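Chemist: Quick one: this structure, given as structure tokens, is what I'll be asking you about.
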Ligand SMILES: Nc1ncnc2c1ncn2[C@@H]1O[C@H](COP(=O)(O)OP(=O)(O)OP(=O)(O)O)[C@@H](O)[C@H]1O
Ligand SMILES: [Mg+2]
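Chains as they are written, first to last, in my numbering: chain A, 31 to 384; chain B, 6 to 308.
Here's what the structure looks like:
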């Protein structure tokens, strides 16, 4: 089993500062990251993503717990002894070296023969499509090119794990999309385990094999994007990944009674008080008169181009957002104040016991 | 380019020159004038009592390396002069190296403090500049002389049984110059280190560099301009140092500066003083050229 685990954190705790004023950046985090997987750490600012990455890289020592690399305890190993490389958010390219020298730096420090350093550097330059820039100083490169040098530099020594701390956040949207595809391609081509940090949920969903959602120093949920999106385990995950509607409800037999008084069907649960969540794209607008429809009144319509967000209030005032695909005519024939019926696809409802 | 544009450029270039003319004239007179006089003196015969006499003579230049026997006029190597040159160069180099060895960790320490503390430390570094060099040198004298502070303490603590003979030795001059010129090394080094991106340390450390390799392959090459500036700022005045060797080296451990002064003063040999001054200028220029060349080669090497 250890064969397939690249990195494992066991009950890792990291506290900064002294006793009473200490900040628990990581609070008992345990996670197993598989070999060759694209693993993303996702969470709001300050939740401890960077801290976890720095612990794996060796820049920080945990206050408690262990970190294992392919089954071996590396908790106290310094960064230069760990076969793990980092792509820094600021790139941190060496300004006194050329692109090629930057890429070859790691191998040179490892004392590899010159021929090998040169061959690998050339291969990496080709991999990130920067052959023409080999002899430039890094200050003469654009942001996207610098990003690629940073990637190539970290990949050159063939690390067991590549750590990427928000590597795309300094790029503009278009370049960012390009680099997302590029990163994914590099990961597939090299087969190296990537641990990627972002606070952009869309980026996480499109790129990852698995996502670890973090909040306040704790891992809330770990799973493939679809599972995280469709079956969030708690309110935090549900609201952090994508938009969603929260509907407080009480169990009533095998159905749930919403606070507006209407009973609907949803997956079973043991708790008496629950929160039902449903994604806006799973909410259907139907005629008010239709059976089982939840009566509601449209409070707002927001046009997004490809779709329109229809905000509607249930009888008790709870707001529900429905995402409707914009029809060819561009006009869905809805108006604020109009009474409509809402219908939820029962399988799309997620029951959170809170 | 149209003729009108061309004319405009010519015009503005001319205006630029005209505007800077007063400064250029002043600089030329101030920099070239005295130097020209010194060079001219070095090619003149010695005056009867003082100064120089009219005429042309190479005696002063000969006097740098050779002494003429008073009786038979044969030339012999001027060992004393060579010793003074060698001592000057040696002590200046030692001072430069040592101020770097001490100054680098000091500047590193300051550069890695919080911004507020940094200002305070820099301020402390500049405090010695508040007092006159002469007074500071006397203070060192007071510390290292035979009955001085250091010897007294060491004797009282029974670490030594008889006073250390430090004053009026090369070591004393070296200690004094290191003390005096240390800030000149620290300040440019700090300026470089202050701009140094500390995140590069983690990047290098992450890429398998040992702490020593981080220093050697990343920090030193990047802060090299500061190292060069600091070394020049220390080496050049060290070579021409006058006060420190005079007060701490006594009459015997002269450096070029004292030797030159001797020629213009008691020695009453102005031409020799002038030729020595020009020689000092050549040594400094030569040393700087070699040093800067070498330093630059190091940076570009391996590309
Ligand atoms: N060196 C440090 N000293 C004290 N507190 C720290 C230190 N580093 C991080 N922290 C604290 O630990 C917590 C987690 O920080 P971390 O940098 O891991 O967050 P993050 O998830 O990477 O956030 P972001 O998305 O903003 O980068 C924060 O509350 C932060 O203030
Ligand atoms: Mg971070």
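No residue lacks a Cβ here, since even glycine has one placed at the ideal position from N, Cα and C. Predicted, not measured: the structure shown is a model, and the values here were computed from it.
Which residues mark the beginning and the end of the beta strand (DSSP E) in which residue 352 of chain A is found?
Modeler: Within the first chain, residue 352 of chain A is the residue found at index 322, counting from 1. Counting along the chain, the beta strand (DSSP E) containing residue 352 of chain A begins and ends at 349 to 355.
Chemist: Does any heavy atom of ligand 4 sit closer than 6 Å to the C-beta of residue 201 of chain B?
Modeler: Of the ligands one can find in the structure shown, namely ligand 1 and ligand 2, none is ligand 4.
Chemist: I'd like to know whether the C-beta of residue 227 of chain B is nearer than 7 Å to at least one C-beta of chain A.
Modeler: Residue 227 of chain B sits at position 222 when you count from the first residue of the second chain. Cβ-Cβ to chain A under 7 Å: yes for residue 227 of chain B.
Chemist: Let me see if you follow: with CB-CB separation under 7 Å, is residue 136 of chain A close to chain B or not?
Modeler: Numbered from 1 along the first chain, position 106 holds the residue referred to as residue 136 of chain A. Chain B contact via Cβ: present.
Chemist: When the Cα of residue 365 of chain A is compared with those of A:373, A:80 and A:342, which residue comes out closest?
Modeler: Sequence index remark: in the first chain, residue 365 of chain A carries index 335 (1-based). The candidate whose alpha carbon is nearest that of residue 365 of chain A is A:342.
Chemist: Please name the residues in the region 95 to 122 of chain A whose beta-carbon is closer than 7 Å to at least one beta-carbon of chain B, in chain order.
Modeler: Residues passing the 7 Å Cβ filter: 109, 110, 115, 116, 118, 120 and 122.
Chemist: Return helix, strand or coil for residue 209 of chain A, following the three-state DSSP convention.
Modeler: What you label residue 209 of chain A is simply residue 179 of the first chain in a count that begins at 1. Three-state DSSP puts residue 209 of chain A in a helix.
Chemist: Along the chain, where does the beta strand (DSSP E) containing residue 383 of chain A start, and where does it finish?
Modeler: Here the question's residue 383 of chain A lines up with position 353 in the first chain. Run containing residue 383 of chain A: 380 to 383, per the beta strand (DSSP E) assignment.
Chemist: The alpha helix (DSSP H) that contains residue 186 of chain B, what's its start and end?
Modeler: Here residue 186 of chain B corresponds to residue number 181 of the second chain, with the count starting at 1. Run containing residue 186 of chain B: 175 to 200, per the alpha helix (DSSP H) assignment.
Chemist: Measure the alpha-carbon distance for residue 236 of chain A versus residue 195 of chain A and round it to whole angstroms.
Modeler: As a first step, residue 236 of chain A is located in the first chain; it is residue number 206 there, counting from the start. As a first step, residue 195 of chain A is located in the first chain; it is residue number 165 there, counting from the start. The straight-line gap from Cα to Cα measures roughly 17 Å.
Chemist: What separation, rounded to the nearest whole angstrom, lies between the Cα atoms of residue 154 of chain B and residue 187 of chain A?
Modeler: What you label residue 154 of chain B is simply residue 149 of the second chain in a count that begins at 1. What you label residue 187 of chain A is simply residue 157 of the first chain in a count that begins at 1. Taking the straight line from one Cα to the other gives about 58 Å.
Chemist: Beta-carbon within less than 8 Å of residue 159 of chain A's beta-carbon, same chain only, minus the 5 sequence neighbours each way: which residues are those?
Modeler: Working through the first chain from its first residue, we reach residue 159 of chain A at position 129. Closer than 8 Å at Cβ, skipping near neighbours: 178.
Chemist: Would you check if the distance between the CB atom of residue 131 of chain B and the CB atom of residue 187 of chain B is smaller than 7 Å?
Modeler: The residue labelled residue 131 of chain B in the question sits at position 126 within the second chain. The residue labelled residue 187 of chain B in the question sits at position 182 within the second chain. Result no, Cβ atoms of residue 131 of chain B and residue 187 of chain B do not sit closer than 7 Å.
Chemist: Assuming residue 155 of chain A is part of the beta strand (DSSP E), what are its boundary residues?
Modeler: Locating residue 155 of chain A in the first chain gives position 125, counting from the first residue. Residue 155 of chain A -> not in any beta strand (DSSP E); alpha helix (DSSP H) instead, spanning 144 to 157.
Chemist: Looking at residue 229 of chain A and ligand 1, is the gap between the Cβ and the nearest heavy atom below 6 Å?
Modeler: Translated into the one-based positions of the first chain, residue 229 of chain A becomes position 199. Yes, Cβ of residue 229 of chain A sits closer than 6 Å to a heavy atom of ligand 1.
Chemist: Restricting to Cα atoms, I'd like to know which of A:75, A:267, A:315 and A:56 is closest to residue 90 of chain A.
Modeler: Translated into the one-based positions of the first chain, residue 90 of chain A becomes position 60. Of the listed residues, the one whose Cα sits closest to residue 90 of chain A is A:56.
Chemist: Taking only beta-carbon atoms, is residue 297 of chain B less than 7 Å away from chain A?
Modeler: Walking along the second chain from the start, residue 297 of chain B turns up at place 292. No, no contact with chain A.
Chemist: Would you kindly work out how many angstroms separate the C-alpha atoms of residue 357 of chain A and residue 252 of chain A, rounded to a whole number?
Modeler: Along the first chain, read from residue 1 onward, the residue named residue 357 of chain A stands at position 327. Along the first chain, read from residue 1 onward, the residue named residue 252 of chain A stands at position 222. Each residue's alpha carbon lies about 37 Å from the other.
Chemist: I'd like to check one pair, residue 34 of chain A with residue 65 of chain A: are the Cβ atoms closer than 7 Å?
Modeler: Locating residue 65 of chain A in the first chain gives position 35, where the first residue counts as 1. Locating residue 34 of chain A in the first chain gives position 4, where the first residue counts as 1. The answer is yes: Cβ separation under 7 Å.
Chemist: If you run the structure through DSSP and keep just helix, strand and coil, what is residue 38 of chain A?
Modeler: Working through the first chain from its first residue, we reach residue 38 of chain A at position 8. Reduced to three states, the DSSP call for residue 38 of chain A is strand.
Chemist: Taking only three categories from DSSP, how would you classify residue 280 of chain A?
Modeler: The residue labelled residue 280 of chain A in the question sits at position 250 within the first chain. In this structure, residue 280 of chain A counts as strand in the three-state DSSP scheme.
Chemist: Say yes only if the C-beta of residue 18 of chain B is nearer than 6 Å to one or more non-hydrogen atoms of ligand 2, and no if none qualify.
Modeler: Position 13 of the second chain holds residue 18 of chain B. Incorrect: residue 18 of chain B has no Cβ contact closer than 6 Å to ligand 2.
Chemist: Does the beta-carbon of residue 76 of chain A, which I'm using as the reference point, lie nearer than 6 Å to any heavy atom of ligand 1?
Modeler: As a first step, residue 76 of chain A is located in the first chain; it is residue number 46 there, counting from the start. Flag set: Cβ of residue 76 of chain A near ligand 1.
Chemist: Run through DSSP, which three-state label would residue 285 of chain A get?
Modeler: Indexing the first chain from 1 puts residue 285 of chain A at position 255. In this structure, residue 285 of chain A counts as strand in the three-state DSSP scheme.
Chemist: Among the residues of its own chain, which have a CB less than 7 Å from the CB of residue 449 of chain A, if the five just before and after it don't count?
Modeler: As shown, chain A starts at 31 and ends at 384. That puts residue 449 of chain A outside it, with no answer to give.
Chemist: Cα-Cα, which of B:54, B:47 and B:71 is closest to residue 63 of chain B?
Modeler: As a working mapping, residue 63 of chain B is identified with position 58 in the second chain. Residue B:47 is the option with its Cα nearest to residue 63 of chain B.
Chemist: Note down, in chain order, all residues in the region 216 to 249 of chain B with a beta-carbon under 9 Å from any beta-carbon belonging to chain A.
Modeler: From the region 216 to 249 of chain B, only 216, 218, 219, 222, 223, 226, 227 and 229 have a Cβ closer than 9 Å to chain A.
Chemist: When you compare only the Cα positions, how much space is there between residue 42 of chain A and residue 181 of chain A?
Modeler: Within the first chain, residue 42 of chain A is the residue found at index 12, counting from 1. Within the first chain, residue 181 of chain A is the residue found at index 151, counting from 1. C-alpha separation (whole angstroms): 28 Å.
Chemist: Do you know offhand how far residue 152 of chain A's Cα is from residue 271 of chain A's?
Modeler: Position 122 of the first chain holds residue 152 of chain A. Position 241 of the first chain holds residue 271 of chain A. Rounded to whole angstroms, residue 152 of chain A to residue 271 of chain A spans 40 Å at the Cα level.
Chemist: Within the present structure, is the beta-carbon of residue 44 of chain A separated from the nearest heavy atom of ligand 2 by less than 6 Å?
Modeler: Position 14 of the first chain, counted from the first residue, corresponds to residue 44 of chain A. Answer for residue 44 of chain A: no, Cβ out of range of ligand 2.
Chemist: Give the single residue among A:78, A:122, A:44 and A:39 whose Cα lies nearest to the Cα of residue 203 of chain B.
Modeler: In the second chain, counting from the first residue as 1, residue 203 of chain B sits at position 198. If we check each option's Cα against that of residue 203 of chain B, A:122 comes out closest.
Chemist: Using a Cβ cut-off of 7 Å, pull out every chain A residue sitting near residue 211 of chain B, in sequence order please.
Modeler: For this step, residue 211 of chain B is matched to residue 206 along the second chain. Correct list: 87, 109, 115 and 116.
Chemist: Return the residues of the region 135 to 168 of chain A that lie within a Cβ-Cβ distance of less than 7 Å from chain B, sorted by chain order.
Modeler: Of all residues in the region 135 to 168 of chain A, 135, 136, 139 and 140 have a Cβ within less than 7 Å of some Cβ in chain B.
Chemist: If you measure between the beta carbons of residue 313 of chain A and residue 279 of chain A, is that distance less than 7 Å?
Modeler: The residue you call residue 313 of chain A lines up with position 283 of the first chain. The residue you call residue 279 of chain A lines up with position 249 of the first chain. No.
Chemist: Do residue 117 of chain B and ligand 1 come close, with the Cβ less than 6 Å from some heavy atom?
Modeler: Position 112 of the second chain, counted from the first residue, corresponds to residue 117 of chain B. Residue 117 of chain B Cβ: outside cutoff for every heavy atom of ligand 1.
Chemist: By alpha-carbon positions, which one of A:80, A:191 and A:290 ends up nearest to residue 347 of chain A?
Modeler: On the first chain, position 317 is the one that residue 347 of chain A refers to. Of the candidates A:80, A:191 and A:290, the one whose C-alpha sits nearest the C-alpha of residue 347 of chain A is A:290.
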